[in-house]
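In the numbering used here, the protein residues as written are 7 to 455.
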Ligand code: GLU
Ligand code: MG
């Protein structure tokens, strides 16, 4: 019988390869996103799909501590010896460009076990913890990015009008191509618009499971980047592409439900928030000072994360409050997805799997500890009498807070915290003393796909 199973597996694989070939696919890409938030990939010819799934493709352990430039932040545990494998699942393959199908990968060790430094496996584990608590979770990603010219300067010199019909129609061929490509790639786009910042674009994605959403964020970065390239542009996913200009956020929306229904509506708390929902938001706020280095920890993050930027720099929550780290969106007819909590302070330098793991893990921790929802800050915190405590946003403080935090280690594991602190410290050492304009230029394409 095992022989029979092997044969049917072989023939299923052969069929899959045949289907891919019929779609014109010659190359299979499998990527992992590292602790610095950079996505890296290996490719195989289409006939090697099975090997990419079963054994995976080899990468050195230093892939986990590659930095935003060509640096490698070796740690006592991570050196030049050893090998890891990127493994993909054929069911996750998406067409990203003529001839290329891509899938997000997991990092495994040589024995097929998830590697300790695999953020995707970490997120899957935390999502499983939610299921074990009888919770259904939905996460939704928003991507802000900046269109650039081929030489990585500004894409246009015309005056910009935020959300302007002109600024979007001026790029209509690109936007139409982008939507067509997104559909071909199976990317569930909800909305697209030109944003506030000069040449800034935003795409929002439909809610899905946590791992699916983080996968979709990477797919969206690839699809946007490739469509832009076909129209003579580059795309920056830097938190601050140009010094002093508007920043790019990577906001994440979370909704939770248990057997009694949604946690953020239908109850007796403010806007109908139920006690477990309040505890979840309290949990997210409680860990912010420790986890700022996960959400917005790059050499550029502090330049964005300031009051007045709608980046959620204040450690508080508030209904539709764009200056609050947690912007609460209530269940109203104007909101088809139901009540949710949007974590605004996340930027695109964060690994999306890790940011989601920190967000969800903190919400679960709040629920387990039955934390109390703090009072709402319903307006710009700078105008509020109850000023929220400042967050340690500068990179050195963010790294130190991460390293000190037993909560961060409990939620995200000590190896991940150690690796993350190492790659961010490399940035601090390399860029810490440089003028902002130099660093924004050096890292403009660091997180592009
Ligand atoms: N660009 C802002 C940020 O850096 C967000 C603007 C908005 O509210 O969409 O997060
Ligand atoms: Mg926006």
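Beta carbons are placed, not taken as given, at the ideal position from N, Cα and C, and that holds for glycine.
Check                                                                                                                                                              : Outcome
Tell me which residue opens and which closes the beta strand (DSSP E) that residue 48 is part of.                                                                  : 45-51
Could you check if residue 137 is buried or exposed, using at least 16 other CB atoms within 10 Å of its CB as the buried criterion?                               : exposed
May I have a chain-ordered list of the beta strand (DSSP E) segments no shorter than 3 residues that lie completely inside the segment 246-322?                    : 258-264
Return the CA-CA distance between residue 205 and residue 181, expressed in angstroms with no decimal places.                                                      : 13 Å
Are the beta-carbon atoms belonging to residue 457 and residue 146 less than 7 Å from one another?                                                                 : What is shown of the chain runs 7 to 455, which leaves residue 457 out entirely.
Since residue 199 sits in a beta bridge, which residues does DSSP pair it with?                                                                                    : 208
Report the option in 277, 423 and 392 whose CA atom is closest to the CA atom of residue 407.                                                                      : 423
Contact between the segment 274-284 and the segment 385-399 is defined here as three or more beta-carbon pairs at a separation below 8 Å; is this criterion met?   : no
For residue 299, count the other beta carbons within 10 Å of its own beta carbon; 16 or more makes it buried, fewer makes it exposed. Which is it?                 : buried
Given that a residue counts as buried once 16 or more other Cβ atoms are within 10 Å of its Cβ, and exposed if not, what is residue 86?                            : exposed
Can you say whether residue 347 is buried or exposed, counting buried as having 16 or more other CB atoms within 10 angstroms of its CB?                           : buried
Kindly examine the ligand MG and report whether one of its heavy atoms sits closer than 6 Å to the Cβ of residue 208.                                              : yes
By Cβ distance below 8 Å, which residues in the same chain neighbour residue 133 in space, the five residues on each side in sequence not counted?                 : 143, 215, 216, 217 and 366
Going by beta carbon distance, what residues of the same chain come within less than 7 Å of residue 316, once the five residues before and after it are set aside? : 328 and 329
Beta carbon of residue 453, beta carbon of residue 77: below 7 Å?                                                                                                  : no
Could you check which residue in 35, 153 and 357 has the C-alpha nearest to that of residue 237?                                                                   : 153
I'd like to know if the segment 109-123 and the segment 61-77 are in contact, where contact means that at least 3 CB-CB pairs between them fall below 8 Å.         : yes
Using CA coordinates, which residue listed in 374, 33 and 345 is at the minimum distance from residue 326?                                                         : 345
Is it right to say residue 360 is buried, meaning 16 or more other beta carbons lie within 10 angstroms of its own, or is it exposed?                              : buried
Can you tell me the Cα-Cα spacing of residue 435 and residue 192, whole angstroms?                                                                                 : 41 Å
Would you list the residues sitting across from residue 72 in a DSSP beta bridge?                                                                                  : 78
Give the single residue among 47, 39 and 53 whose Cα lies nearest to the Cα of residue 23.                                                                         : 53
On the three-state DSSP scale, how would you describe residue 39?                                                                                                  : strand
Taking residue 446 as part of the alpha helix (DSSP H), name the residues at either end of that continuous run.                                                    : 442-448
Is residue 358 helix, strand or coil by DSSP?                                                                                                                      : helix
To the nearest angstrom, how far is the alpha carbon of residue 292 from that of residue 322?                                                                      : 10 Å
Checking the sheet assignment: what are the DSSP bridge partners for residue 114?                                                                                  : 91 and 120
Is the separation between the beta-carbon of residue 98 and that of residue 109 shorter than 7 Å?                                                                  : yes
Round the Cβ separation of residue 175 and residue 195 to the nearest angstrom and send it over; I've been treating them as touching at under 8 Å.                 : Not confirmed; about 18 Å, so no contact.
Check each candidate in 203, 275, 226 and 160 and name the one with the smallest Cα separation from residue 186.                                                   : 226
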